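All remarks here apply to the structure that follows.
There are 2 protein chains.
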Amino acid sequence: MDAMRRPGTTFDVKSGMFVVLVRPEHPENIGLVARNMKNTGFIHLRLVGVNDLDQKTFQTAIHSQDILKSAQIYSRLEEATADFCVVFAATAKRRKNFTVLSLEDAVERLYQYPKSTKIGLLFGNERTGLTSEELKHSNFRFVLPQSTEQPSYNLASAVLLTLYTISIRAPRTFLTTWQEKPLPRKKQEECIKMILHKLEKDGFLHKTNKSHVTEMIYDVFGRLSMTERDRRLLLALFSRGMSESKELER
Amino acid sequence: MDAMRRPGTTFDVKSGMFVVLVRPEHPENIGLVARNMKNTGFIHLRLVGVNDLDQKTFQTAIHSQDILKSAQIYSRLEEATADFCVVFAATAKRRKNFTVLSLEDAVERLYQYPKSTKIGLLFGNERTGLTSEELKHSNFRFVLPQSTEQPSYNLASAVLLTLYTISIRAPRTFLTTWQEKPLPRKKQEECIKMILHKLEKDGFLHKTNKSHVTEMIYDVFGRLSMTERDRRLLLALFSRGMSESKELER
Chain F
1 MDAMRRPGTT
11 FDVKSGMFVV
21 LVRPEHPENI
31 GLVARNMKNT
41 GFIHLRLVGV
51 NDLDQKTFQT
61 AIHSQDILKS
71 AQIYSRLEEA
81 TADFCVVFAA
91 TAKRRKNFTV
101 LSLEDAVERL
111 YQYPKSTKIG
121 LLFGNERTGL
131 TSEELKHSNF
141 RFVLPQSTEQ
151 PSYNLASAVL
161 LTLYTISIRA
171 PRTFLTTWQE
181 KPLPRKKQEE
191 CIKMILHKLE
201 KDGFLHKTNK
211 SHVTEMIYDV
221 FGRLSMTERD
231 RRLLLALFSR
241 GMSESKELER
Chain S
251 MDAMRRPGTT
261 FDVKSGMFVV
271 LVRPEHPENI
281 GLVARNMKNT
291 GFIHLRLVGV
301 NDLDQKTFQT
311 AIHSQDILKS
321 AQIYSRLEEA
331 TADFCVVFAA
341 TAKRRKNFTV
351 LSLEDAVERL
361 YQYPKSTKIG
371 LLFGNERTGL
381 TSEELKHSNF
391 RFVLPQSTEQ
401 PSYNLASAVL
411 LTLYTISIRA
421 PRTFLTTWQE
431 KPLPRKKQEE
441 CIKMILHKLE
451 KDGFLHKTNK
461 SHVTEMIYDV
471 FGRLSMTERD
481 RRLLLALFSR
491 GMSESKELER
């Protein structure tokens with residue numbers, strides 16, 4: 001249970017993990033997140049839809065200003081996630097078209113990727129959380145266990161519990177079970193968009209089901225954590241006509 | 251790992267647990283602690299050395315105002331802990347004369363007491379933590395695992411990680427290993443004071459070692475989580491003269 005005192009494996013892992021705050025509202029929370037990152041040994045912070053960091057942010061980031069200073073700011077979420085290979089998004093609510101893992105399951109899954117995998121951890125706005133549109137840029141959603149439905153965890157608290165669980169669950173040995181590293185999100189999303197485009201052209205996606213089915217497609221193909229081989233297969237499958245794919249079955 | 255969704259055992263346990271904030275400075279932190287308590291299913295909050303709760307406190311206690319409204323305010327720590335049977339105190343620093351457990355060990359120990367045991371969880375001032383004088387009112391000290399020495403966890407974060415760990419470590423079955431409930435802290439401390447008094451009268455405690463040995467006595471006899479039987483034995487042991495106790499050995 002002393003995972004955080006073994007710098008060897010955990011440092012490597014954490015250096016590939018990025019905390020991404022999407023449209024955070026309160027500067028104090030950004031500072032508290034930086035402090036919680038420092039406490040648990042995480043380094044990389046990305047901010048989406050935030051103007052310059054103000055004084056209040058630095059006030060709550062006690063002994064953690066370095067994390068704020070090196071934080072990267074993006075105007076659009078998909079730019080912030082483009083180079084990640086796997087993206088986990090925190091959600092406090094059930095989602096109609098997106099499956100949601102428990103925190104423990106998400107952390108277990110996270111440790112199955114090769115060490116060098118760039119992993120993003122997304123946290124949404126304090127009031128709204130992540131929108132369905134924003135969830136499309138994630139491979140997996142996870143929920144923190146809590147006692148009551150209301151209130152949800154405060155933003156900095158949600159980040160802290162996630163990072164703390166990642167830290168104490170760090171495997172002692174690092175036996176990788178998934179040898180293939182997933183593609184960068186940008187490539188994964190390009191593939192998903194091609195599939196959607198094809199489905200629309202074929203009339204499978206139409207006006208009444210489009211938004212609903214689109215989210216489910218993002219969910220299913222996101223959870224694949226698509227590798228280059230998966231991508232080639234999927235593109236082959238979906239670029240064929242229905243009749244041709246039936247031929248394959250024979 | 252779904253401990254927080256099993257209301258049966260965990261609720262009972264949590265209803266016997268009290269969060270005690272000692273001289274908290276920032277009203278926002280008190281409100282955040284209330285919210286973190288709500289999230290993890292804890293109810294009882296005691297505050298020491300705090301004047302009335304102000305507006306800022308209620309602002310951060312989103313959906314958790316009930317916890318603040320029923321919070322009990324004390325001017326002295328020993329009044330706040332008098333009716334607890336076991337007291338755990340959070341510390342971020344090593345202590346010269348007090349032993350310190352890991353968070354995991356403290357939580358394991360906490361679940362060994364009978365369900366109905368009143369347990370106090372002490373957290374000190376944001377800047378100073380708990381003083382040695384304040385630690386005397388605890389049975390056990392514990393430290394949260396963290397990545398670096400500086401900064402320590404923010405007050406609300408320290409409370410959150412403690413309550414969260416208590417929640418996810420809740421035993422499925424509740425097999426009690428220590429059948430005897432410890433005495434209320436007030437009685438434990440009366441007994442420790444009688445021992446100290448005797449040691450001083452005997453010249454064992456003197457000017458140069460007094461403060462140092464006193465803390466170690468509090469540590470050792472605190473960790474006993476003294477029962478009525480322990481108390482009787484200790485009083486018998488220490489009220490006897492040295493010669494008499496040697497007689498006993500024969």
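Residue numbers (this note's numbering), protein chains in the order written: chain F, 1 to 250; chain S, 251 to 500. All residues carry an ideal CB built from backbone N, CA and C; glycine is no exception. Small disclaimer: the values here were computed from a predicted structure and weren't measured.
Between isoleucine 280/S and chain F, the shortest Cβ-Cβ separation is not below 7 Å. Ranked by how close their Cα comes to the Cα of glutamine 305/S, the residues Asn404/S, His294/S and Leu318/S have Leu318/S in first place.
By the Cβ criterion, the stretch 204–219 of chain F is not in contact with the stretch 154–165 of chain F, since fewer than three pairs of Cβ atoms, one from each stretch, lie closer than 8 Å. Each residue's CA atom was taken as its position, placing serine 211/F and serine 402/S some 46 Å apart. The beta carbon of alanine 158/F is closer than 7 Å to those of Ala90, Phe123 and Leu144 in its chain, skipping five residues each way along the sequence. Taking 7 Å as the CB threshold, threonine 131/F stays off the interface with chain S. DSSP places histidine 294/S inside the beta strand (DSSP E), whose first and last residues are 294–298. In this structure glycine 120/F is not in contact with valine 48/F, their Cβ atoms being roughly 11 Å apart against a cut-off of 8 Å. Along the stretch 277–334 of chain S, the alpha helix (DSSP H) occurs as fully enclosed runs of 4 or more residues at 277–290, 305–310, 315–319 and 327–331, listed in sequence order.
Our two residues, phenylalanine 84/F and arginine 185/F, have alpha carbons roughly 6 Å apart in a direct line. Our two residues, threonine 477/S and glutamate 354/S, have alpha carbons roughly 24 Å apart in a direct line. The C-beta of aspartate 469/S has 16 or more other C-beta atoms within 10 Å across all chains shown, which makes the residue buried.
Around the C-beta of glutamate 383/S, fewer than 16 other C-beta atoms lie within 10 Å, and the residue is accordingly described as exposed.
Rounded to the nearest angstrom, the Cβ distance from proline 364/S to lysine 451/S is 36 Å, too far for a contact under 8 Å. Cβ neighbours of threonine 398/S within its own chain (closer than 7 Å, five residues either side excluded): none. Looking at the backbone, the Cα of isoleucine 416/S and that of arginine 127/F are separated by about 27 Å. Around the C-beta of glutamine 72/F, fewer than 16 other C-beta atoms lie within 10 Å, and the residue is accordingly described as exposed. Neighbourhood of histidine 63/F in chain S, by CB distance below 7 Å: Gln400 and Pro401, in chain order. Residues of the same chain with a CB within less than 6 Å of the CB of leucine 199/F, apart from the 5 flanking positions on each side, are Leu205 in chain order.
For threonine 290/S, the neighbours in chain F by C-beta distance under 8 Å run, in chain order, Gln146 and Ser147.
The bridge partners DSSP lists for leucine 122/F are Val20/F and Ala89/F. Judged by DSSP secondary structure, phenylalanine 221/F falls within the alpha helix (DSSP H) whose first and last residues are 210–223.
Interface annotation, leucine 351/S: not in contact with chain F, CB-CB separation never under 7 Å. Per DSSP, the continuous alpha helix (DSSP H) segment holding leucine 160/F begins and ends at 155–168. Straight across, the Cα-Cα distance linking leucine 196/F with methionine 216/F is about 11 Å.
When secondary structure is reduced to three states using DSSP, arginine 435/S falls in the helix class. For phenylalanine 488/S, the enclosing alpha helix (DSSP H) starts and ends at 478–489.
DSSP places arginine 359/S in the helix class (H, G or I) of the three-state scheme. Bounds of the alpha helix (DSSP H) holding serine 382/S are 382–385. Distance from histidine 387/S to glutamate 328/S at the Cβ level is roughly 6 Å; contact confirmed, criterion being Cβ atoms closer than 8 Å.
The alpha-carbon of glycine 472/S is positioned some 15 Å away from that of arginine 479/S. Chain S places no beta carbon closer than 7 Å to that of tyrosine 111/F, leaving this residue out of the contacts. Apart from the 5 residues on each side of it in sequence, lysine 38/F sits with its Cβ closer than 7 Å to the Cβ of His63, Ser64 and Ile67 in its chain, given in chain order. Under a criterion of Cβ atoms nearer than 7 Å, the residues of chain F adjacent to asparagine 404/S are, in order, Leu32 and Arg35. As far as DSSP is concerned, glycine 203/F takes part in no beta bridge.
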